[in-house]
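Chemist: Below is a structure I'd like to ask you about.
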Amino acid sequence: MVTAEDLREILSQVKDPEVPVLSILDLGILRSLTCENQHWTIVITPTYSGCPAMQTIEADIRTTLSRNKVDHFTVETVLSPAWTTDWISEEGKRKLEEYGIAPPVDEVDKSVLFSKPPVVPCPLCKSQKTKMVSQFGSTACKAHYQCLECLEPFDYFKCLR
Amino acid sequence: MENKLKFLLRLGDDSMILGQRLSELCGHGPILEEDIAMTNIALDLIGQATNIYTYAATLSTDFNDADGLAFLRFEHQYYNAVLVEQPNGNFGDTLVRQFFFDAFRVPLFQQMMQSKDETIAAIAEKSLKETRYHLKHSSEWVIRLGDGTELSHERAQLAVFDLWRYTQELFHMDDAERELVDAGIIPNLADLRGTWLQTVESVMQTATLQIPENQGFFGAGRLGRHSEYMGYILAQMQYMQRAYPGMQW
Numbered sequence: 000m001v002t003a004e005d006l007r008e009i010l011s012q013v014k015d016p017e018v019p020v021l022s023i024l025d026l027g028i029l030r031s032l033t034c035e036n037q038h039w040t041i042v043i044t045p046t047y048s049g050c051p052a053m054q055t056i057e058a059d060i061r062t063t064l065s066r067n068k069v070d071h072f073t074v075e076t077v078l079s080p081a082w083t084t085d086w087i088s089e090e091g092k093r094k095l096e097e098y099g100i101a102p103p104v105d106e107v108d109k110s111v112l113f114s115k116p117p118v119v120p121c122p123l124c125k126s127q128k129t130k131m132v133s134q135f136g137s138t139a140c141k142a143h144y145q146c147l148e149c150l151e152p153f154d155y156f157k158c159l160r
Numbered sequence: 000m001e002n003k004l005k006f007l008l009r010l011g012d013d014s015m016i017l018g019q020r021l022s023e024l025c026g027h028g029p030i031l032e033e034d035i036a037m038t039n040i041a042l043d044l045i046g047q048a049t050n051i052y053t054y055a056a057t058l059s060t061d062f063n064d065a066d067g068l069a070f071l072r073f074e075h076q077y078y079n080a081v082l083v084e085q086p087n088g089n090f091g092d093t094l095v096r097q098f099f100f101d102a103f104r105v106p107l108f109q110q111m112m113q114s115k116d117e118t119i120a121a122i123a124e125k126s127l128k129e130t131r132y133h134l135k136h137s138s139e140w141v142i143r144l145g146d147g148t149e150l151s152h153e154r155a156q157l158a159v160f161d162l163w164r165y166t167q168e169l170f171h172m173d174d175a176e177r178e179l180v181d182a183g184i185i186p187n188l189a190d191l192r193g194t195w196l197q198t199v200e201s202v203m204q205t206a207t208l209q210i211p212e213n214q215g216f217f218g219a220g221r222l223g224r225h226s227e228y229m230g231y232i233l234a235q236m237q238y239m240q241r242a243y244p245g246m247q248w
């Protein structure tokens with residue numbers, strides 16, 4: 000019989016297909032693991048409503064668990080509480096930066112309609128002199144930035160609260 | 000039809016049809032960044048529709064999943080507001096339509112989070128965060144176009160004059176919705192107009208755009224009566240499921 004600890008270890012092999020350095024634990028989309036009568040319930044939550052990675056992630060959880068001989072489980076998706084980038088672990092943020100994606104910075108209240116785009120340090124040369132190119136990037140969770148020092152374009156993992 | 004199901008379809012169809020409209024811009028945006036922005040917003044909207052339809056399907060006697068609701072209804076069985084089915088037109092038309100819609104959905108979701116129905120509250124909570132971002136994007140563009148060049152101002156102003164008439168419908172309620180309001184399941188839609196108008200007036204002022212004085216007419220999309228554009232949207236959207244029933248990716 001696997002323990003919750005074992006299960007976490009196994010599930011840390013399940014990566015976000017669009018940011019393959021992050022596991023579902025790093026991202027904070029794995030919400031809970033509960034066991035009743037030797038049957039596990041694995042609860043996950045989407046980052047954005049339309050995140051196309053969710054189906055792949057659910058399928059990956061199934062195959063990874065089966066491969067590790069965990070057979071009795073259900074995967075549930077919940078919407079509330081809604082995911083926030085605050086749930087990305089420190090480890091996850093470090094991995095993001097190493098991968099070349101700027102991790103979310105502490106942004107001001109989103110309910111203010113017009114606020115300046117946040118200062119996002121370049122993940123490559125660490126310069127603070129960067130500019131937002133577009134509010135939307137290669138996936139729903141990212142915006143597009145460019146470094147004005149080393150001129151490298153990069154993705155920024157948007158702060159969502 | 001049960002009240003709650005009726006409301007969920009109105010809510011979900013707004014997301015679905017606008018998402019489908021915006022996805023037409025995939026590969027056709029005026030600049031690459033906006034091409035990506037439009038398709039990202041489309042993706043969020045279709046995601047919201049999926050969540051709403053999934054819940055609606057549990058209440059429906061005719062359809063047992065979200066795909067059935069999205070792809071197998073006839074035109075008169077869709078209850079989206081006529082605003083969202085209007086063609087993309089020029090970039091000003093697309094952005095003004097989006098702005099009117101986003102300015103309505105932000106206060107709607109904000110208040111819907113208090114719903115006594117847990118699933119509706121959860122959908123609102125999830126959708127609100129991304130909708131705020133959409134509103135920021137569309138407001139900034141309305142200002143940029145309105146307070147931009149002579150040509151961009153003219154087009155944005157024409158778009159406001161043209162689309163204003165469709166906005167009334169967003170705040171219309173019938174008996175089904177009034178009963179849901181009384182039961183604490185949805186917010187009073189008519190009351191949202193004040194907040195909406197505040198946002199619209201402030202952005203229009205910065206954008207140097209005028210708001211028409213008349214209120215326009217009452218669209219009947221909520222009753223399943225649509226403009227001539229609707230059938231074409233469905234023809235394209237439903238083609239695969241009609242041609243190959245039950246097909247899956």
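Sequences listed follow chains A and B, in order. Per numbering that gives the first Met the number 0, the first sequence starts with residue 0, numbered consecutively. Per numbering that gives the first Met the number 0, the second sequence starts with residue 0, numbered consecutively. C-beta atoms are modelled at their ideal positions from N, C-alpha and C, and glycine is treated no differently.
(1) Give every residue of the same chain whose Cβ lies closer than 7 Å to the Cβ of A/L64, excluding the five residues on either side of it in the sequence, and list them in chain order.
(2) Count the other CB atoms within 10 Å of the CB of B/R143; is the residue buried (16 or more) or exposed (fewer)?
(3) How about A/V42: is its C-beta nearer than 8 Å to some C-beta of chain B?
(4) Return the chain-ordered list of same chain residues with a C-beta closer than 6 Å to the C-beta of A/T55, the five sequence neighbours on each side being excluded.
(5) Cα-Cα, which of A/K14, A/K128, A/R160 and A/L21 is closest to A/G91?
(6) Can you have a look at A/A58 and say buried or exposed, based on whether 16 or more other CB atoms are within 10 angstroms of its CB?
(7) From the DSSP secondary-structure annotation, give me the bridge partner or partners of A/L29.
(8) A/Y155 versus chain B: which residues are under 7 Å apart at the beta carbon?
(9) Counting only Cβ-Cβ distances shorter than 9 Å, please list the residues of the stretch 127-148 of chain B near chain A, keeping chain order.
(10) Can you grab the Cα-Cα spacing for the pair A/S31 / B/G147, in whole Å?
(11) Is B/I119 close to chain A? Criterion is C-beta to C-beta, closer than 8 Å.
(12) Report the three-state DSSP secondary structure of B/P106 (helix, strand or coil).
(13) Determine, using beta carbons only, whether B/E84 comes closer than 8 Å to chain A.
(14) Grouping DSSP H, G and I as helix and E and B as strand, with all else coil, what is B/K135?
(15) Pick helix, strand or coil for B/I30, following the three-state DSSP scheme.
(16) Is the CB of A/S48 under 8 Å away from at least one CB in chain B?
(17) Measure from the C-beta of B/N39 to each C-beta in chain A and report whether the shortest distance is under 8 Å.
(18) Please list, in chain order, the chain B residues whose beta carbon lies closer than 9 Å to that of A/L159.
(19) Does B/S126 pass the burial test, meaning 16 or more other C-beta atoms within 10 Å, or should it be called exposed?
(20) Do we get a CB-CB distance below 8 Å when we pair A/V119 with the residues of chain B?
(21) Sort A/W86, A/V13, A/Y98 and A/D70 by Cα distance to A/T46 and report the nearest one.
(22) Straight-line CA distance for A/A142 to B/E139?
(23) Looking only at DSSP bridge pairs, what is A/H38 linked to?
(24) When you compare the stretch 35-50 of chain A with the stretch 147-158 of chain A, are there three or more beta-carbon pairs, one atom per stretch, that lie closer than 8 Å?
(25) Measuring only the C-alpha atoms, how far is B/A219 from B/F6?
(26) Only counting the same chain, and skipping five residues up and downstream in sequence, which positions put a Cβ closer than 7 Å to that of B/L4?
(27) Leaving out the 5 sequence neighbours to the left and right, which residues in its chain are closer than 6 Å to B/A123 when beta-carbon positions are compared?
(28) With which residues is A/D15 paired in a DSSP beta bridge?
(29) Under DSSP, the alpha helix (DSSP H) around B/H152 begins and ends at which residues?
(30) Measuring alpha carbon to alpha carbon, tell me which of B/P211, B/Q76 and B/R131 ends up nearest B/F98.
(31) What residues in its chain sit with their C-beta under 7 Å from that of B/A175, if we drop five residues either side in the sequence?
(32) Out of B/T205, B/G18, B/L134 and B/M229, point me to the one whose CA is closest to B/G145's CA.
(33) Would you decide whether A/L147 is buried or exposed? Buried here means 16 or more other CB atoms lie within 10 Å of its CB.
(34) DSSP state of B/M112, grouped into three classes?
(35) For B/G88 and B/R96, I'd like the C-alpha separation in whole angstroms.
Modeler: This is what the structure gives:
(1) Counting only Cβ-Cβ distances below 7 Å, and skipping sequence neighbours, we find I9 and F72.
(2) Flag for B/R143 reads exposed.
(3) Taking Cβ atoms only, chain B never reaches closer than 8 Å to A/V42, which makes this a no.
(4) Result list for A/T55: P16, in chain order.
(5) Comparing Cα-Cα distances from A/G91 to each of A/K14, A/K128, A/R160 and A/L21, the minimum goes to A/L21.
(6) Exposed is the call here.
(7) A/I43, per the DSSP bridge assignment.
(8) By Cβ distance, chain B contributes nothing, its closest Cβ being about 13 Å from A/Y155, past 7 Å.
(9) The stretch 127-148 of chain B vs chain A, Cβ under 9 Å: L127, K128, E129, R131, Y132, L134, K135, H136, S138, E139 and I142.
(10) Going from the Cα of A/S31 to the Cα of B/G147 covers about 50 Å.
(11) Taking Cβ atoms only, chain A never reaches closer than 8 Å to B/I119, which makes this a no.
(12) B/P106: helix per DSSP, three-state reduction.
(13) By this cut-off, B/E84 is not an interface position.
(14) Here B/K135 sits in helix by DSSP.
(15) Coil, per DSSP.
(16) Chain B, which has a Cβ nearer than 8 Å to the Cβ of A/S48, makes this yes.
(17) Chain A, which has a Cβ nearer than 8 Å to the Cβ of B/N39, makes this yes.
(18) K128, E129 and Y132, listed in chain order.
(19) Buried, because 16 or more other Cβ atoms sit within 10 Å of the Cβ of B/S126.
(20) It does not; no Cβ of chain B falls within 8 Å.
(21) Of the listed residues, the one whose Cα sits closest to A/T46 is A/W86.
(22) Rounded to the nearest whole angstrom, the CA to CA distance from A/A142 to B/E139 is 16 Å.
(23) DSSP lists A/E35 as the beta-bridge partner residues of A/H38.
(24) Cβ pair count under 8 Å is below three, so no.
(25) Cα-Cα distance, rounded: 14 Å.
(26) The answer, listed in chain order, is A55, L58 and S59.
(27) Excluding sequence neighbours, B/A123 sits near F108, M111 and M112.
(28) Per DSSP, the beta bridge partners of A/D15 are A/V18.
(29) Boundaries of the alpha helix (DSSP H) harbouring B/H152: E149 to L162, taken from the DSSP string.
(30) Just measuring C-alpha positions, the residue of B/P211, B/Q76 and B/R131 sitting nearest B/F98 is B/R131.
(31) Once the five neighbours on either side are set aside, the close Cβ partners of B/A175 are N2, K5 and F6.
(32) Closest option to B/G145, judged by alpha-carbon separation, among B/T205, B/G18, B/L134 and B/M229: B/T205.
(33) When all chains shown are included, A/L147 counts as exposed.
(34) Coil at B/M112, not helix or strand.
(35) Just so you know, the alpha carbons of B/G88 and B/R96 end up roughly 10 Å apart.
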